[in-house]
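Before any comments, here is the structure.
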């Protein structure tokens, strides 16, 4: 066993000892390589363990062993961004609740975890994100929101045929959103049955990725049904202020979320960053380390 491997194992065991403490509610382990069974045997941390992995197959294997698991994208985030993505996914699935103390262990993709973070749900992750801002209300389907956040990250990372693209996805209050917008181009989802255009279907998420090259926004109902693509959002609110450096997409998303009860995801064409807006404000930012070429 190399010195690095030995240290990694000792670091993991130290983290498990901390996770076993009564103050800790969950141990979020963000890594595709499972913790060795002998390190978990008889440990209080096992009951608190939540894996965040990059493959659905790995998540299913953990779940088959009665261990909680969720799937996050495999892109090259910074360690803090990986924790954010995993926390948002866990929150959207109801795995954590207000006030829970979560011990998060993570590292670079494909490497042993080398970082430990303590997060209190409801506290501030950093100066851009207070996790309570992501609590969107009972009218929103958590599976739909989580699927769309993951989709937005894919669009930001991959673009279209190697070219960076940006887009807006609105979710909820669709009647008001449609009233405050107009169709820029032919709606590619028109004529499909509702069962054939729900974002919980991977084929529809792939279609959204392809249609992201169109100008305008996607309008999606709370339950995940895609109503339209290529909508020009015409709502304005002069009282809404967006940070300097953010352009027309963010202004349009701020305006529509301020004047309706929808939320909006914006993918930045410039950086690939994903921002979630609610009530005219950015409540979540996810930045990517590098785009895929």
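Residue numbers (UniProt numbering): 1 to 293. Every residue gets a Cβ at the ideal spot worked out from N, C-alpha and C, and that includes glycine. Keep in mind it's a predicted model, so treat the numbers as computed, not measured.
If we ignore side chains and look at the alpha-carbon of each, how far apart do residue 240 and residue 258 end up?
Residue mapping note: residue 240 aligns to position 240 of the chain shown, counting from 1. Residue mapping note: residue 258 aligns to position 258 of the chain shown, counting from 1. Answer to the nearest angstrom: the Cα atoms are 7 Å apart.
How many Å lie between residue 164 and residue 90 at the Cα?
As a first step, residue 164 is located in the chain shown; it is residue number 164 there, counting from the start. As a first step, residue 90 is located in the chain shown; it is residue number 90 there, counting from the start. A straight-line Cα-Cα distance of about 28 Å links residue 164 and residue 90.
CB contact flag (residue 145, residue 171, <9 Å):
Numbered from its first residue, the chain shown carries residue 145 at position 145. Numbered from its first residue, the chain shown carries residue 171 at position 171. A Cβ-Cβ contact shorter than 9 Å links residue 145 with residue 171.
Alpha helix (DSSP H) runs wholly inside the stretch 72 to 129, at least 4 long, in chain order
Look at the stretch 72 to 129 and you find these whole runs of alpha helix (DSSP H), each 4 residues long or longer: 79 to 92.
Within its chain, find whatever has a CB closer than 6 Å to the CB of residue 250; leave out the 5 residues flanking it on each side and keep chain order.
Taking the chain shown and counting its residues from 1, the one referred to as residue 250 is at position 250. Only 242, 266 meet the Cβ criterion.
Ordered along the chain, which non-local residues of its own chain (more than five positions away) have a Cβ less than 6 Å from that of residue 235?
Locating residue 235 in the chain shown gives position 235, where the first residue counts as 1. For residue 235, same chain residues with a beta-carbon under 6 Å away, outside a window of 5 residues either side, are 180, 255, 256, 259 in chain order.
Using 8 Å as the cut-off, can you tell me whether the stretch 191 to 199 makes contact with the stretch 153 to 163, which would need three or more C-beta pairs spanning the two stretches below that distance?
No, because fewer than three Cβ pairs between the stretch 191 to 199 and the stretch 153 to 163 fall closer than 8 Å, the two stretches do not touch.
Answer with buried or exposed for residue 248, where buried requires no fewer than 16 other C-beta atoms within 10 angstroms of its C-beta.
Locating residue 248 in the chain shown gives position 248, counting from the first residue. Under the 10 Å beta carbon count, residue 248 is surrounded by fewer than 16 other beta carbons and is classified as exposed.
Check whether the Cβ atoms of residue 16 and residue 35 sit closer than 9 Å, and answer yes or no.
Along the chain shown, one-based indexing puts residue 16 at 16. Along the chain shown, one-based indexing puts residue 35 at 35. Against a cut-off of 9 Å, the Cβ pair of residue 35 and residue 16 comes out as a contact.
Going straight from the alpha carbon of residue 54 to that of residue 104, what length do you get?
Here the question's residue 54 lines up with position 54 in the chain shown. Here the question's residue 104 lines up with position 104 in the chain shown. Going from the Cα of residue 54 to the Cα of residue 104 covers about 16 Å.
Expressed to the nearest angstrom, what Euclidean distance is found between the alpha-carbon atoms of residue 210 and residue 178?
Position 210 of the chain shown, counted from the first residue, corresponds to residue 210. Position 178 of the chain shown, counted from the first residue, corresponds to residue 178. Rounded to the nearest angstrom, the two C-alpha atoms are 22 Å apart.
Pairwise C-alpha distance: residue 237 and residue 67:
One-based indexing of the chain shown puts residue 67 at position 67. One-based indexing of the chain shown puts residue 237 at position 237. Roughly 46 Å between the two C-alpha positions.
Extent of the continuous beta strand (DSSP E) to which residue 210 belongs
Along the chain shown, one-based indexing puts residue 210 at 210. Here residue 210 belongs to no beta strand (DSSP E); instead the alpha helix (DSSP H) covers 202 to 211.
Beta strand (DSSP E) runs contained entirely in the stretch 27 to 72, provided each spans 3 or more residues:
If we require 3 residues or more, the beta strand (DSSP E) runs fully inside the stretch 27 to 72 come out as 49 to 53, 68 to 71.
Candidates 262, 224, 4, 225: which alpha carbon is nearest residue 112's?
If you number the chain shown from 1, residue 112 lands on position 112. By alpha-carbon distance to residue 112, the top candidate from 262, 224, 4, 225 is 4.
Secondary structure of residue 228, DSSP reduced to three states
Numbered from its first residue, the chain shown carries residue 228 at position 228. Judged by DSSP in its simplified three-state form, residue 228 adopts strand.
Counting along the chain, where does the beta strand (DSSP E) carrying residue 284 start and finish?
In the chain shown, counting from the first residue as 1, residue 284 sits at position 284. Note, residue 284: beta strand (DSSP E), 281 to 286.
Excluding the 5 residues preceding and the 5 following residue 226 in the sequence, name in chain order all residues of the same chain whose CB lies nearer than 6 Å to its CB.
Along the chain shown, read from residue 1 onward, the residue named residue 226 stands at position 226. Residues 189, 197, 220 of the same chain have their beta carbon placed closer than 6 Å to that of residue 226, with the five preceding and five following residues left out of the count.
For the ligand GDP, I want to know if residue 109 counts as a neighbour, meaning its beta carbon is within less than 8 Å of at least one of the ligand's heavy atoms.
The model depicted lacks the ligand GDP and carries no ligand whatsoever.
Nearest by alpha-carbon distance to residue 176: which of 246, 231, 38 is it?
The residue labelled residue 176 in the question sits at position 176 within the chain shown. Here the closest residue by C-alpha is 231.
Starting from residue 244, follow the beta strand (DSSP E) in both directions and report where the run begins and ends.
Working through the chain shown from its first residue, we reach residue 244 at position 244. Under the DSSP assignment, residue 244 falls outside any beta strand (DSSP E); it carries neither an H nor an E label.
Where DSSP assigns a beta bridge to residue 186, which residues make up the other side?
For the purposes of this step, residue 186 is identified with residue 186 of the chain shown, where counting begins at 1. Residue 186 pairs with nothing; no bridge assigned.
Please name the residue in 78, 271, 223, 228 whose C-alpha comes closest to that of residue 245.
Numbered from its first residue, the chain shown carries residue 245 at position 245. Check the Cα spacing between residue 245 and each of 78, 271, 223, 228: the tightest is with 271.
Using DSSP bridges, identify the partner residues of residue 163.
Locating residue 163 in the chain shown gives position 163, where the first residue counts as 1. Residue 163 pairs with 160.
From what residue to what residue does the beta strand (DSSP E) around residue 267 run?
In the chain shown, the residue the question calls residue 267 occupies position 267. Following the DSSP letters along the chain, one finds residue 267 inside the beta strand (DSSP E) bounded by residues 263 to 267.
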